[in-house]
Amino acid sequence: MPLGSYAVKYTNKLDQVLEAGVKTSDLLVDQSLLGELDGAGEIKVPKLTMDGLADYSRANGFVAGDASSEWETLKLSYDRGRSFAVDAVDDEEREALLSANLMGEFVRTKVVPEVDAIRFARLYENAGTKKTGSLAASGATTKAVRAAEDALEDAGADMGNLVLYVSSATKGALRDEVPRSFTNSGDPDSRIYRFDDIPIVTVPSARFKTSIELLDGTTDGETAGGYKAATGAVTMDFVLMEKSAAKAIQKHEKLRYFAPDVNQAKDAHLWQYRLFHDLFVMDNKRGLIYAYTATAPTNPTE
13 MPLGSYAVKY TNKLDQVLEA GVKTSDLLVD QSLLGELDGA GEIKVPKLTM
63 DGLADYSRAN GFVAGDASSE WETLKLSYDR GRSFAVDAVD DEEREALLSA
113 NLMGEFVRTK VVPEVDAIRF ARLYENAGTK KTGSLAASGA TTKAVRAAED
163 ALEDAGADMG NLVLYVSSAT KGALRDEVPR SFTNSGDPDS RIYRFDDIPI
213 VTVPSARFKT SIELLDGTTD GETAGGYKAA TGAVTMDFVL MEKSAAKAIQ
263 KHEKLRYFAP DVNQAKDAHL WQYRLFHDLF VMDNKRGLIY AYTATAPTNP
313 TE
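Rendered as structure tokens:
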């Protein structure tokens, strides 16, 4: 395959890797909202408030009500990127294996975890309910998840559009606590995919923090870039939410490739990757996100 075709081939492939790899793919917004983002990555959404019903008087008619609108600004916050130079001779000696695998592994091991970590930290930041309590007692996990269900149903959530994000420990506890029956027709299977018909998504603990710190990739000691748990952050046990409560947006994902003959800086294949994205929670949807942690985070902003 000619080197010049790498960028087109890999751009399509990276889109697939990112969408398949993230645990929060259910929250990706449709493309219609993306078209409304201006060049600065900002849109304004009208938020309506109005009075409820009043008694109708046969003598005086209707009671006057009030309806007003204010603008809620949504601005993309995360503009991240990285470039890699692969020496032409090194790549030849490895039969192009380095170029062939570099960007796929980069997205799988670096981009996908960071995107998820940002989104889950945003969900916790904007959750209408943040519950803390020990899940050590027998049956405590099931009770906690059912309490979250009750809270969301009481908040008017569409119960057919929920998703349950869980840590691996919470997933294990649910497997132990949810009753099952086994037959002799096959091997016992204790896997659990749904809870009260709500799909379960297991999230690696490194991505499931209450808050994170993004590394700029240039500061001494942080040149590797990426992210880390913020000071005082804790791993969440679970997040139960209505999917419509959050809108994950990838406005710009771009992979650029420059062959060694084009790259003026080095005799090297140059790869550049950029992702401009965010996750928004509308003010009137915060009550549809319920986050649970065993211990409370100690971040100053929490």
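Note that the sequence shown covers residues 13 to 314 in our numbering.
Positions of the beta carbon are idealized from the N, C-alpha and C atoms, including for glycine.
Around lysine 278, the same chain offers Ala97 as residues with beta carbons nearer than 6 Å, after the five sequence neighbours per side are excluded.
By the C-beta density criterion, glutamine 262 is buried, having at least 16 other C-beta atoms within 10 angstroms. Only residues of its own chain outside the window of five on either side were considered, and among them Val178, Ser180 and Lys183 have a CB closer than 7 Å to the CB of threonine 214, listed in chain order. When beta bridges are read from the DSSP output, methionine 62 appears opposite Ala79. Less than 8 Å divides the Cβ of leucine 291 from the Cβ of alanine 260.
Under DSSP, the beta-bridge partners assigned to alanine 241 are Ile224.
Under DSSP, threonine 214 forms a beta bridge with Val178. Under DSSP, arginine 92 forms a beta bridge with Leu287.
Ranked by how close their Cα comes to the Cα of alanine 258, the residues Ile210, Glu225, Phe220 and Val175 have Val175 in first place. One alpha carbon belongs to aspartate 38, the other to valine 101, and they sit about 42 Å apart. Contact check for leucine 287 against valine 29 fails: the beta carbons are separated by 8 Å or more. A Cβ-Cβ separation of about 7 Å places phenylalanine 132 in contact with lysine 221 under the 8 Å criterion. Per the C-alpha coordinates, the member of Asp63, Asp273 and Ala129 positioned closest to alanine 241 is Ala129. In the three-state scheme derived from DSSP, where H, G and I count as helix and E and B as strand, leucine 30 is classed as helix.
Close CB contacts of threonine 310 within its chain, under the 6 Å cut and outside five residues either way in sequence, are with Gly244 (chain order). Nearest to glycine 237 by C-alpha distance, out of Gly93, Leu40 and Ala71, is Gly93. According to the DSSP assignment, threonine 153 belongs to the alpha helix (DSSP H) that extends over 152 to 166. Within its own chain, the residues whose Cβ lies closer than 6 Å to the Cβ of valine 75, once the five positions on either side in sequence are excluded, are Ala66, listed in chain order.
Within its own chain, the residues whose Cβ lies closer than 6 Å to the Cβ of tyrosine 136, once the five positions on either side in sequence are excluded, are Thr222 and Ala303, listed in chain order. In the DSSP assignment, valine 251 falls within the unbroken beta strand (DSSP E) covering 250 to 254.
In the structure shown, the three-state DSSP call for serine 69 is strand. Taking 8 Å as the cut-off, the Cβ atoms of alanine 139 and arginine 298 count as close. Looking from the CA of isoleucine 204, the closest CA among Gly77, Arg187, Ala218 and Asn296 belongs to Arg187. Here valine 190 has Thr154, Ile204 and Phe207 as same chain residues with Cβ atoms under 8 Å from its own Cβ, once five neighbours each way along the sequence are excluded. Collapsing the DSSP output to three states places leucine 300 in a helix. Excluding five sequence positions before and after threonine 61, the CB atoms of its chain that fall closer than 6 Å to its own CB belong to Ser80, given in chain order. Shown here for valine 127: same chain residues with a beta carbon closer than 6 Å to its own, the five before and five after excluded, namely Val34 in chain order.
Cβ contact annotation for threonine 141 (same chain, cutoff 8 Å, sequence separation greater than five): Ala160, Ala163, Gly299, Ile301, Tyr302 and Ala303, in chain order. Leucine 267: member of the beta strand (DSSP E) spanning 258 to 270, first to last residue.
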